[in-house]
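Protein chains: 2
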Amino acid sequence: MKDTFSTQRRTIDAYLDQHLPPAAAPPARLHEAMRYSVMAGGKRLRPLLALAACEAVGGAAAVALPAACAIELIHTYSLIHDDLPCMDDDDLRRGRPTCHKVYGEALALLAGDALLTLAFSWLASAHDCTAAQRARLVCVAARAAGSQGMVGGQVADLEATGQAPDEQRLAFVHTHKTGDLITASLQAGGIAGNGTDGQIAALAALGEQLGLAFQYVDDILDCTADAETLGKTPGKDTAAGKLTAVAVYGLEGARERATAHTAAAHAVLKARNWQNTLLGALAEYVTARTS
Amino acid sequence: MKDTFSTQRRTIDAYLDQHLPPAAAPPARLHEAMRYSVMAGGKRLRPLLALAACEAVGGAAAVALPAACAIELIHTYSLIHDDLPCMDDDDLRRGRPTCHKVYGEALALLAGDALLTLAFSWLASAHDCTAAQRARLVCVAARAAGSQGMVGGQVADLEATGQAPDEQRLAFVHTHKTGDLITASLQAGGIAGNGTDGQIAALAALGEQLGLAFQYVDDILDCTADAETLGKTPGKDTAAGKLTAVAVYGLEGARERATAHTAAAHAVLKARNWQNTLLGALAEYVTARTS
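Top line first, the protein sequences correspond to chains H and E. Going left to right, the first sequence walks through residues 1 to 291 as the working numbering numbers them. Going left to right, the second sequence walks through residues 292 to 582 as the working numbering numbers them.
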């Protein structure tokens with residue numbers, strides 16, 4: 001399975017490299033900044049989930065590739081904007097200086113804007129998909145990324161900073177800031193793979209549980225991992241007064257909840273007989289990761 | 292015609308008000324910020340152009356309403372981000388304090404992100420349009436708004452600031468920063484109205500000329516109008532060392548070019564027998580405006 005992920009990561013990286021505007025196309029600095037952040041690597045978790053979901057519903061992974069990579073662009077844009085001084089003010093991302101540290105704030109802002117915009121272009125022109133599938137891909141991604149999805153989660157996260165730990169707020173932040181785009185990755189794979197409504201609903205349910213498990217693990221790692229393993233500044237969330245699962249439930253409580261959501265994810269996989277697919281392996285990977 | 296514009300502006304404002312997330316929906320401050328900037332008014336030039344283009348190709352204006360309003364969201368997001376301290380650092384917009392002055396930088400950034408995202412959701416779910424039209428609307432808007440469109444123009448504008456006046460740079464900035472979205476408005480109207488390829492190409496040609504005329508007039512007004520008429524700080528572009536048409540060609544030269552592009556726009560209208568449509572009246576309005 002690990003080999004398959006490596007192969008698919010190479011396919012994803014090749015697609016991104018080929019379809020991002022060339023670094024030399026004007027305005028060159030903008031395209032460099034976009035490429036700097038997208039090609040910095042990272043786990044490519046969201047596109048991997050999209051490809052695996054596509055295969056799980058019986059589609060060929062290649063059909064989901066444009067949508068998978070579009071969602072990676074959305075994820076990358078959100079990191080660039082999140083790292084800006086007026087937001088989390090972070091210097092390190094994926095083990096390298098953040099986009100605005102290298103290109104300045106204005107260009108980082110605009111590179112994020114351009115990546116978000118480009119994502120919708122890829123979704124709306126995904127080859128091997130019908131127009132109906134393409135329009136649906138745009139709708140699913142836009143809902144997940146918008147004011148009642150990822151951006152809404154970011155706002156709630158900012159608003160919760162420095163406030164008393166609160167269970168309900170935490171659930172809102174976890175569900176929307178991280179969960180919605182993970183769910184959309186799975187749905188997008190299902191849509192591109194021409195899955196049934198039942199399959200796509202199961203993928204959404206799986207995404208919800210995986211998204212929560214992922215975020216719990218993230219909060220735990222922020223407390224327990226070192227910078228080298230993590231590729232970003234650890235302990236920063238806690239130091240910044242961020243609302244984290246550890247703040248609300250303690251380290252053990254957060255671990256228990258991560259385990260519970262992992263179990264719920266596996267229950268969805270089992271009900272659909274997806275345990276032994278790439279999707280099952282990815283679910284394992286998400287919940288057992290150390291960085 | 293003036294009455295028709297007023298009626299259509301009311302229709303546009305009503306659509307925006309009804310379809311933006313309610314201000315009370317969480318996160319409420321985000322939705323307030325989005326509404327603050329979108330409902331601040333402005334000329335609604337881009338949606339008016341979309342509706343007029345739709346009628347010019349024989350469609351009912353209502354068919355183009357979602358796409359028209361989506362483009363207004365894109366325009367509004369670009370203004371919010373443009374006004375941020377790391378960009379133009381502007382305090383006044385449409386006669387009111389800018390979004391970040393009222394809601395802070397982080398929320399303004401995210402309100403812009405959310406508006407851009409919502410725009411694609413509206414384009415991809417435009418009622419009365421087929422899936423093929425909806426996917427095409429997304430593609431046209433994304434291309435016009437992206438790194439080789441509006442955002443590219445903004446980067447070129449930033450890079451040109453403080454540099455010697457340069458004709459080629461100016462053309463790039465004018466074409467992409469303002470022109471591309473005006474062109475996309477007309478194309479979107481043509482697509483929603485089920486225009487022929489020839490009609491949509493003519494709308495694009497018209498958009499190019501109108502966009503340039505619009506930007507020349509804008510540069511001229513920055514030099515000649517007062518704050519009350521303009522609804523934003525006049526003379527600011529020149530003071531900030533921005534590349535403007537007046538800097539490159541002088542006031543008279545800029546006026547001559549505005550007139551030439553206006554004439555070219557009218558030639559397109561005439562060739563299609565569109566002079567006496569709403570589109571013709573809008574072209575007149577764009578090129579003769581004083582604010």
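Quick reminder that beta carbons are idealized off the backbone N, C-alpha and C, glycines included.
Mind checking if Cys377 of chain E is an interface residue toward chain H, Cβ cutoff 9 Å exclusive?
Along the second sequence, one-based indexing puts residue 377 of chain E at 86. Taking a beta-carbon distance threshold of 9 Å, Cys377 of chain E counts as an interface residue toward chain H.
Per-residue burial, Asp373 of chain E [other beta carbons within 10 Å of its own, 16 or more giving buried]
Taking the second sequence and counting its residues from 1, the one referred to as residue 373 of chain E is at position 82. The residue is buried, with at least 16 neighbouring Cβ atoms inside 10 Å.
Does Ser37 of chain H pass the burial test, meaning 16 or more other C-beta atoms within 10 Å, or should it be called exposed?
Against the first sequence, residue 37 of chain H aligns to sequence position 37. Classification of Ser37 of chain H: buried, given that the 10 Å Cβ count is 16 or more.
Return the Cβ separation of Trp149 of chain H and His176 of chain H in integer angstroms, given the expectation that the two are a contact with Cβ distance under 8 Å.
For the purposes of this step, residue 149 of chain H is identified with residue 149 of the first sequence, where counting begins at 1. For the purposes of this step, residue 176 of chain H is identified with residue 176 of the first sequence, where counting begins at 1. Reading the sequence as shown, one finds Gly at residue 149 of chain H and not Trp. Correct: roughly 6 Å between the Cβ atoms.
Can you name the residues of chain H whose CB is closer than 8 Å to the CB of Gly437 of chain E?
Counted from its first residue, the second sequence places residue 437 of chain E at position 146. Residues of chain H passing the Cβ test: Ala114, Thr117, Leu118 and Ser121.
Enumerate, from N- to C-terminal direction, the unbroken alpha helix (DSSP H) stretches of 4 or more residues contained entirely within the region 182-229 of chain H.
197-224
Selection of the region 244-269 of chain H by Cβ proximity to chain E, strictly under 8 Å:
none
Taking only beta carbons into account, state which residues of the region 3-37 of chain H come closer than 8 Å to chain E, listed in chain order.
Residues passing the 8 Å Cβ filter: Pro21, Ala25, Pro26, Pro27, Arg29, Leu30, His31 and Met34.
Best match in E:Phe411, E:Leu512 and E:Gln299 for proximity to Ala479 of chain E [C-alpha to C-alpha]:
Here residue 479 of chain E refers to the residue found at position 188 of the second sequence. Selected option, being the one with the closest Cα: E:Phe411.
Kindly list the residues whose CB is nearer than 6 Å to the CB of Gln154 of chain H, restricted to its own chain and excluding five residues on each side of it in sequence; keep chain order.
Position 154 of the first sequence, counting from 1, holds the residue named residue 154 of chain H. Cβ neighbours of Gln154 of chain H beyond the five flanking positions: Lys177.
For a test of your reading of the model: does the CB of Cys99 of chain H fall under 8 Å from any non-hydrogen atom of the ligand SAM? Yes or no.
No copy of the ligand SAM occurs in the structure displayed, which carries no ligand at all.
Could you name the residues of chain H that Arg425 of chain E contacts, counting a contact when the two beta carbons are closer than 7 Å?
Looking up residue 425 of chain E in the second sequence gives position 134. Within chain H, the residues near Arg425 of chain E are Ala135.
Going by CA-CA distance only, name the one from H:Leu282, H:Ser147 and H:His31 that's closest to Ala53 of chain H.
Translated into the one-based positions of the first sequence, residue 53 of chain H becomes position 53. Of the listed residues, the one whose Cα sits closest to Ala53 of chain H is H:Leu282.
Would a C-beta distance cut-off of 9 Å place Ile74 of chain H and Leu116 of chain H closer than the cut-off?
Indexing the first sequence from 1 puts residue 74 of chain H at position 74. Indexing the first sequence from 1 puts residue 116 of chain H at position 116. Yes. Within cutoff.
Looking at the C-beta of Arg384 of chain E, does it have a partner C-beta in chain H at a distance below 9 Å?
Taking the second sequence and counting its residues from 1, one reaches residue 384 of chain E at position 93. For Arg384 of chain E, the answer is no, since every Cβ of chain H falls outside 9 Å of its Cβ.
Would you mind listing the alpha helix (DSSP H) stretches within the region 319-359 of chain E that are 4+ residues and don't spill past its ends, in chain order?
The qualifying runs are 319-329 and 336-347.
Around the C-beta of Arg257 of chain H, are 16 or more other C-beta atoms found within 10 angstroms, so that it is buried, or is it exposed?
For the purposes of this step, residue 257 of chain H is taken as the residue at position 257 of the first sequence. That one is buried.
Can you give me, in chain order, the residues of the region 175-188 of chain H that have a beta carbon less than 7 Å from any beta carbon in chain E?
none
Neighbour flag for Arg143 of chain H against chain E, beta carbons, 9 Å:
By one-based count along the first sequence, residue 143 of chain H stands at place 143. So, interface residue.
What span of residues does the alpha helix (DSSP H) with His19 of chain H cover, start to end?
Counting from 1 along the first sequence, the entry for residue 19 of chain H is found at position 19. Following the DSSP letters along the chain, one finds His19 of chain H inside the alpha helix (DSSP H) bounded by residues Lys2 to His19.
Within 8 Å, do at least three Cβ pairs link the region 192-207 of chain H to the region 256-272 of chain H?
yes
In chain E, which residues lie less than 7 Å from Glu167 of chain H when you measure between Cβ atoms?
One-based indexing of the first sequence puts residue 167 of chain H at position 167. Per Cβ cutoff of 7 Å: no residues; Glu167 of chain H is ~15 Å from chain E at best.
Hey, is Val151 of chain H's beta-carbon within less than 9 Å of any beta-carbon in chain E?
Working through the first sequence from its first residue, we reach residue 151 of chain H at position 151. Under the Cβ distance rule, Val151 of chain H counts among the residues neighbouring chain E, one pair being separated by less than 9 Å.
Buried or exposed: Lys270 of chain H, going by 16 or more other Cβ atoms within 10 Å of its Cβ?
By 1-based counting over the first sequence, the position of residue 270 of chain H is 270. Per the 10 Å Cβ criterion, exposed.
Using a C-beta cutoff of 9 Å, does Glu450 of chain E count as contacting chain H?
Working through the second sequence from its first residue, we reach residue 450 of chain E at position 159. Yes - at least one Cβ of chain H is within 9 Å of the one on Glu450 of chain E.
Within chain H, the residues that Cys430 of chain E reaches when beta carbons sit closer than 7 Å
As a first step, residue 430 of chain E is located in the second sequence; it is residue number 139 there, counting from the start. Within 7 Å Cβ-Cβ: Ser121, Ala124 and Ser125.
Residues of chain E with a CB under 8 Å from the CB of Gln154 of chain H: which are they?
Taking the first sequence and counting its residues from 1, one reaches residue 154 of chain H at position 154. Under the 8 Å cutoff, chain E gives Leu401.
Secondary structure of Arg384 of chain E, DSSP reduced to three states:
In the second sequence, counting from the first residue as 1, residue 384 of chain E sits at position 93. In the structure shown, Arg384 of chain E sits in a strand (DSSP, three-state: E or B).
Run the CB neighbour count on Arg301 of chain E, radius 10 Å, all protein chains shown included, and call it buried at 16 or more, exposed below.
Position 10 of the second sequence holds residue 301 of chain E. So Arg301 of chain E counts as exposed.
Alpha carbon to alpha carbon, what distance is there between Glu55 of chain H and Asn194 of chain H?
Within the first sequence, numbered from 1, the residue matching residue 194 of chain H stands at position 194. Within the first sequence, numbered from 1, the residue matching residue 55 of chain H stands at position 55. Going by the C-alpha atoms only, they are around 10 Å apart.
With 16 other Cβ atoms within 10 Å as the buried cut-off, status of Ala254 of chain H
Along the first sequence, one-based indexing puts residue 254 of chain H at 254. Counting Cβ neighbours within 10 Å, Ala254 of chain H comes out buried, since at least 16 surround it.
Is it buried or exposed, Pro27 of chain H, if we count other Cβ atoms within 10 angstroms and call 16 or more buried?
By one-based count along the first sequence, residue 27 of chain H stands at place 27. The residue in question, Pro27 of chain H, is buried, as its Cβ has 16 or more Cβ neighbours within 10 Å.
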